[in-house]
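Worksheet for the structure shown next.
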Amino acid sequence: MTADAVVVGAGLAGACAALVLSRDRDVVVVEAAHPAAGASGAAAGLANPFMGRKARPAWRHAEALAALAALTEEAGVPLPQTGIVRPARSPAQAETFRQQADAFAGLGWLAADAVGERFPLVAAPHGALWVADGASVDVAGFVRAALAMAESRGARVVTGRVTELRSRIAITDSGLLTARHVVAAVGDGFARLPSLATLPFHRVKGQTVTLARPASLPADHPAVAGAGYVVPGAQGVVAGATFEHTFATAAPDPARDAGLAATAAALVPALAEAAVLGRSAGVRLTVPASVSPGRLPLAGPLPGLDGVWVVGGLGAKGLMTAPLIASLLPDALAGRQPLPAELWPL
């Protein structure tokens, strides 16, 4: 099978790449299992432009949010920007949040009484940072919609396990896929491919739990992010997440339910008695700070293999990086504008 571009992997990064490239290219997407089968299927879908304990802006956060909004709209799933409430965990963090709110548009500081008036279900004794541009997305649904849109333009999504990459070639268990460009967005499958196995990815297991949504908590209530996060939705409340650096299996562990539920109840006390409806887990790839001080993904041409590009290591920042990287791919593949150098610090 031949194509202009072969995308290996149908997770978030692969689906975004396929959606963008299918605008004017013949695209084949090859996936070993099914779309969003890995970490993308277990993600809570929180798009937070101000991350970490100090609420620092994410990489190119304004561009990233614009790219996310554009691609979700293109896929037919417009982005509901309901915002994110970030309760301060201490007076010191409250002061940091106040400073960030003064420094950046799209942020606001809410004292404890203001949180109580505006978001009475949220526990925030030290006040909270209001991230107006924050959003939550059904990642698996977005992946499926993006691929469906790509298919409507002529892209082909095929099932197969890629066993080796060569210059302009992806070798699968059922034959060869040849293309001008191969985009490897394989996620945790990287270690099975000799050409990718030495890339500096670190595996982190993340687990979420879905809780029954109490009647008092609206489905469109803003997400709440503190020591963990709470993302309300029509089908329940997703609470997470674990960051497990050592694990024997990628399968979800019921023993984690109680801890995740307790973290959720600490943020939104109305969840204290919520029943557990289910759990999901996936393995995210991150790039160590020793390689990328900004903990950015790796995205760029793979040295030694002509026409092969890598997009990986999105970690927990996929919604804030995958759409933007995908939007930059056409110019990069065409040689008009390289991807940002900080995405390939090797």
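Count along the sequence shown from 1, then add 1114; that gives the number in our numbering. From the three backbone atoms N, C-alpha and C, an ideal C-beta is built for every residue, glycine too.
In the structure shown, the three-state DSSP call for His-1316 is strand. Counting only runs of 3+ residues, the beta strand (DSSP E) found wholly inside the stretch 1341-1371 occupies 1343-1347, 1350-1354, in chain order. If you look at Ser-1394, you'll find it isn't in any alpha helix (DSSP H); it sits in the beta strand (DSSP E) that goes 1390-1400. According to the DSSP assignment, Val-1300 belongs to no beta strand (DSSP E), since it is labelled neither H nor E. Per the C-alpha coordinates, the member of Ala-1215, Ile-1198, Phe-1256, Ala-1157 positioned closest to Ala-1184 is Phe-1256.
Per DSSP, the beta bridge partners of Pro-1415 are Trp-1423. Excluding sequence positions up to five before and after Glu-1187, its CB lies within less than 8 Å of the CB of Leu-1193, all in the same chain and listed in chain order.
In the DSSP assignment, Gly-1222 falls within the beta strand (DSSP E) that extends over 1221-1224. The beta carbon of Leu-1412 lies closer than 7 Å to those of Leu-1313, Val-1401, Val-1424, Gly-1426, Gly-1427, Leu-1457, Trp-1458 in the same chain, with the five residues before and after it left out. Under the criterion of beta carbons closer than 8 Å, Val-1351 and Val-1236 do not qualify as touching, at roughly 13 Å. Nearest C-alpha to Glu-1145 among Pro-1452, Ala-1372, Ala-1299, Ala-1362: Ala-1299. Residues Thr-1116, Arg-1282, Ile-1283 of the same chain have their beta carbon placed closer than 7 Å to that of Thr-1292, with the five preceding and five following residues left out of the count.
Under the DSSP assignment, Leu-1193 falls outside any beta strand (DSSP E); it carries neither an H nor an E label. Counting the other Cβ atoms within 10 Å of the Cβ of Gly-1408 gives fewer than 16, which makes it exposed. Contact check between the stretch 1430-1445 and the stretch 1166-1185: three or more CB pairs, one atom from each, fall below 8 Å, which counts as touching. In the three-state DSSP reduction, Arg-1137 falls in the coil class, being neither helix nor strand.
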